[in-house]
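Structure first, commentary second.
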Amino acid sequence: KQWYQRRVRGMPDDNCLYSSGIACAMYMKDQLKEGEKVFLIGSKGFSQVLTECGVEFIGHGPHDPLEFYEFNDFQPDPSVKFVVGGFDPHLNHTKMTKAFIYVRESGAEYVATNLDIVYPLNPTRQLPGTGSVLAGLNNALGTTPKVIGKPSSVFFDIISRDHKISDKSRVLMVGDNLLTDIQFAVNSGIDSALVLTGVSKSDDLSENAAKPTFVIDSIADLIK
Amino acid sequence: KQWYQRRVRGPLMAGATRIIDRFSTYLVDCDGVLWSNNQAIPGASKTIKTLISNPDKRVIFITNNCGRTVSNIQHTLDTLLDVPNVPSRDIITSGSATAIYLKNKMDVKSEKVYLIAQEAFSETLTDFGISHFGLGPNPFKPHKEWRDFEVDPSVKYVIVSLDRDFSHAKLTQAYLYITENNAEYLAPDVDRFFSCGPGRKIPGTHSLQAGLTSLVEKAPKVIGKPNRFIFDILEEEYGKIDKEQTLMIGDSYETDMKFGFNCGVSTALVLTGNAKKEDVESFERKPDFVLDDISEIL
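These protein sequence lines map, in sequence, to chains A and B.
Taking this note's numbering, the leading residue of the first sequence gets 5, the next gets one more, and so forth.
Taking this note's numbering, the leading residue of the second sequence gets 203, the next gets one more, and so forth.
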């Protein structure tokens, strides 16, 4: 949160900025009892978000590789009730296997911030993104996690509850990505405005894509 | 005999009531058929000894487990089953099969192999004279290092198999070789789980391949069972194999039985490993024989 606030100056108050990490943290906090924890697959930024939101976690950071037969003796921590997945360059077979055991054997609920396959590094090169990082775990489990970030409407439920939004018709989602931002609006039942200053361009608009209510050149057009 | 009561295929030849009398070549899977969790399966030793001591019978051991070298399997046959000195030409692992594939295909002077696997696979490649790199830990690289990472254009093959050191960094390196060099993406096997002990299964090779496969939008070429490449290697080694006289014995429908179907040989499923009796009903094609264990061929 603080990182975002440093980047965007002039934030009016603490409560109007939400990232998918924050949404995940709030979703879990709602259901965690005293002493219960989450197993975190995620970056340092995500771990800080969890701390700020009062969610206890284990598993963050690098894991020493275990021999395969050593997993026979691995005892899962019974207070772990969630496995939460975000982008994690420290993910290795050992960390993935512990997460697998928490979901498959301990019945932990499995959530994630997003499932983007790639993370754009620069115009010519991409890195495996959260979706690729979690793909191995998803493949072994035979399921995908509950995605809390856009385009999931769970994200909207959390925000609207926090801000006590009672009239959805007065809400506008402004975004540049048809697949995440506009789809999110469609899933949440709210109006949306696609700005053409980012990812999606006018040629991406089609019958098969999510339909924005408005299409504007930039966010400045909102006040024109 | 019980197997006879379970399955009768047409009129039997006079005197040929036992499976062992009907076939001369036996392709035998190892894990779940001969041994399990480092212990011999009862009856396996007697069965293999009987087959090997018969000069009219031939036994070839075929395993998808690239975590063992050929000499390791020879040693295990000796110590667990009391079957010493099995010639290495009679043992094929998915590792040695991959090495043979590479040996036939790559230009060793100018091309390299990026390997994601355990030590045994690396040893196997070295035994076959295939130079490779990538073994061991590669835990973490910050984003900015990936921006400047030089992709060596001579890396033309990427192998992904079970590796305790598998990491995001290794996944990224494999991804870059495949997308920027058009390297060939190879898999010795595609097993979803690995049995780490009697009660627990953990993510296996297929799980490690999943992220890379969806990133490059292309499935790997599978060298091991159920692909019939291993059978083709055997025919190169031994000459034409009479399929009517050949039986594949294994514990997994997806790898062993399908391998048998693909090669056009007879198939026997044993229930001492992967497959359970209840699973048989749901197979889209039934194996020729379903046996409680391998000794039932006697």
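Heads up, the beta-carbon is just placed ideally off N, CA and C, and yes, glycines get one too.
Coil, strand or helix - residue i by DSSP
i	result
S206(A)	helix
F78(A)	coil
F461(B)	helix
H334(B)	strand
K346(B)	helix
M177(A)	strand
D233(B)	strand
T201(A)	coil
M450(B)	strand
S47(A)	coil
F431(B)	helix
F396(B)	strand
Y379(B)	helix
T271(B)	coil
D254(B)	Note that residue 254(B) corresponds to Ile in the displayed sequence, not to Asp. Here I254(B) sits in helix by DSSP.
L373(B)	helix
Y303(B)	helix
I318(B)	strand
D221(A)	coil
N502(B)	The structure shown does not extend to residue 502(B), since chain B is modelled only from 203 to 500, so the question has no answer here.
S136(A)	helix
E211(A)	coil
L70(A)	coil
F485(B)	coil
G25(A)	helix
The ligand MN heavy atom lying under 6 Å from the CB of residue i
i	result
K403(B)	Only the bare structure without any ligand can be found here, which leaves the ligand MN out of the picture.
Closer than 7 Å at the beta carbon, the chain A residues around residue i
i	result
C398(B)	F72, Y73, F75, N76
H408(B)	N143
G413(B)	P132, S136, V137, A139, G140
Cross-chain neighbours of residue i in chain A, by beta carbon under 8 Å
i	result
K348(B)	In the sequence as displayed, the identity of residue 348(B) is Trp instead of Lys. The contacting residues are L125, R129, L131.
D502(B)	Not covered by the structure: residue 502(B). The range shown for chain B is 203 to 500.
S454(B)	Under the 8 Å cutoff, chain A gives no residues; its nearest Cβ is about 17 Å from S454(B).
G462(B)	By Cβ distance, chain A contributes nothing, its closest Cβ being about 26 Å from G462(B), past 8 Å.
H370(B)	D92, P93, H94, L95, N96, P132, V137
Cβ shell of residue i (< 7 Å), same chain only, five flanking positions each side left out
i	result
S47(A)	G90, F91, D92
I432(B)	I264, I294, A299, G426
I223(A)	V178, V199
V107(A)	V87, Y114, L145
E109(A)	P80
N118(A)	S24, T134, V151, G153
Residue closest to residue i, alpha-carbon to alpha-carbon, out of the options
i	options	result
A246(B)	N256(B), V230(B), S333(B)	V230(B)
E321(B)	P257(B), T271(B), P405(B)	T271(B)
P289(B)	V315(B), A301(B), R260(B), Y303(B)	R260(B)
S397(B)	H334(B), I243(B), L364(B)	L364(B)
G25(A)	F159(A), I62(A), Q187(A), D207(A)	F159(A)
F461(B)	R402(B), P400(B), D434(B)	D434(B)
E38(A)	K85(A), H67(A), P69(A)	K85(A)
Y22(A)	I163(A), V219(A), P80(A), L138(A)	I163(A)
C268(B)	C232(B), I262(B), I243(B)	C232(B)
F72(A)	K346(B), N287(B), N239(B)	N239(B)
Y379(B)	L119(A), L131(A), I105(A)	L131(A)
Chain A contact residues for residue i, given Cβ-Cβ distances below 9 Å
i	result
R402(B)	F75, N76, F78, I105, E109
P405(B)	H97, M100, T101, F104, G140, L141, N143, A144, L145
P257(B)	Neighbours of P257(B) on chain A: none; closest Cβ ~39 Å, over 9 Å.
8 Å CB neighbourhood of residue i in its chain, flanking five on each side removed
i	result
Q241(B)	L282
G63(A)	F43, L44, I45, K99, K102, A103
V285(B)	S247, I250, K251, I254, L279
K372(B)	I318, G336, N340, D365
K343(B)	F351, A371, T374
Same chain, Cβ closer than 6 Å to residue i, five either side skipped, listed in chain order
i	result
T469(B)	M450, M459, G462, P489, D490
V165(B)	Absent from the model: residue 165(B). The displayed extent of chain B is 203 to 500, so no value can be given.
I302(B)	I435
E60(A)	K41
Partners in chain B for residue i, counting only beta-carbon separations shorter than 8 Å
i	result
V122(A)	L417
D185(A)	Those do not exist, as D185(A) stays about 23 Å from chain B at its closest Cβ, beyond 8 Å.
P149(A)	The contacting residues do not exist; P149(A) stays about 14 Å from chain B at best.
P66(A)	P341, F342
P69(A)	P339, R366, D367
Handout entry: At least 3 beta-carbon pairs within less than 8 Å: the stretch 423–437 of chain B vs the stretch 292–311 of chain B
Key = These segments touch.
Problem - Touch test, the stretch 176–186 of chain A against the stretch 428–446 of chain B, Cβ-Cβ under 8 Å, three pairs minimum - result: Taking 8 Å as the limit for Cβ pairs, the verdict is that the stretch 428–446 of chain B does not touch the stretch 176–186 of chain A.
Problem - Stretch-stretch touch, CB-based, cutoff 8 Å, three pairs: the stretch 345–353 of chain B with the stretch 317–335 of chain B - result: no
Practice task
Examine the Cβ distances between the stretch 94–104 of chain A and the stretch 116–130 of chain A and report whether three or more of them are shorter than 8 Å.
Solution key: no
Practice task
Determine contact between the stretch 396–416 of chain B and the stretch 436–455 of chain B, defined as no fewer than three beta-carbon pairs at a distance below 8 Å.
Solution key: Contact fails: fewer than three Cβ-Cβ distances are below 8 Å.
Handout entry: Contact the stretch 183–191 of chain A vs the stretch 152–160 of chain A: 3+ CB pairs below 8 Å
Key = Taking 8 Å as the limit for Cβ pairs, the verdict is that the stretch 152–160 of chain A does touch the stretch 183–191 of chain A.
Exercise for the section: Tell me, please, whether the stretch 375–387 of chain B touches the stretch 310–319 of chain B by the rule of three or more beta-carbon pairs shorter than 8 Å. Expected result: yes
Exercise for the section: Please determine if the stretch 104–120 of chain A and the stretch 135–147 of chain A are in contact, where contact requires at least 3 C-beta pairs separated by less than 8 Å. Expected result: yes
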